[in-house]
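Mind the numbering: the sequence shown is residues 157 to 242 in the numbering used here, read in order.
Notes follow the structure.
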Amino acid sequence: MNTVLSRANSLFAFSLSVMAALTFGCFITTAFKERSVPVSIAVSRVTLRNVEDFTGPRERSDLAFVTFDVTADILNGKKWFEDILQ
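This is the structure we're talking about:
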């Protein structure tokens, strides 16, 4: 009647359909949540130097160093599944 290969194919197709439905359900539960958090960016030091560029003959290029601090409260955006995974 049905071979082992045919039954395995049906089982695999059914498993993929179930996994697709679960994946879509997880997407829907988190897709429309508000994920914005307050962020503060502060620049403390900017340095610009003219240094020698070794890619061409006797050319100089600008080299910038920027030091900044980023502060964000990312713990308020926790989702329910993060608690399950920990």
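Virtual Cβ for every residue (Gly too), placed ideally from N, Cα, C.
Whole-angstrom distance between residue j and residue i, CA atom to CA atom
{"i": "V207", "j": "V222", "result": "16 Å"}
{"i": "L219", "j": "L204", "result": "6 Å"}
{"i": "L231", "j": "R163", "result": "47 Å"}
{"i": "S173", "j": "A187", "result": "21 Å"}
{"i": "F170", "j": "I184", "result": "21 Å"}
Among the options, nearest to residue i - alpha-carbon criterion
{"i": "D229", "options": "P213, T211, I197", "result": "I197"}
Residue i (DSSP reduced to helix, strand or coil)
{"i": "V174", "result": "helix"}
{"i": "F221", "result": "strand"}
{"i": "S196", "result": "strand"}
{"i": "T159", "result": "coil"}
{"i": "T186", "result": "helix"}
{"i": "T211", "result": "coil"}
Proximity below 8 Å, CB of residue i to CB of residue j
{"i": "R216", "j": "D209", "result": "yes"}
Any non-hydrogen atom of the ligand NAP closer than 7 Å to residue i Cβ
{"i": "L161", "result": "The ligand NAP is not among the ligands present in this structure, which contains no ligands whatsoever."}
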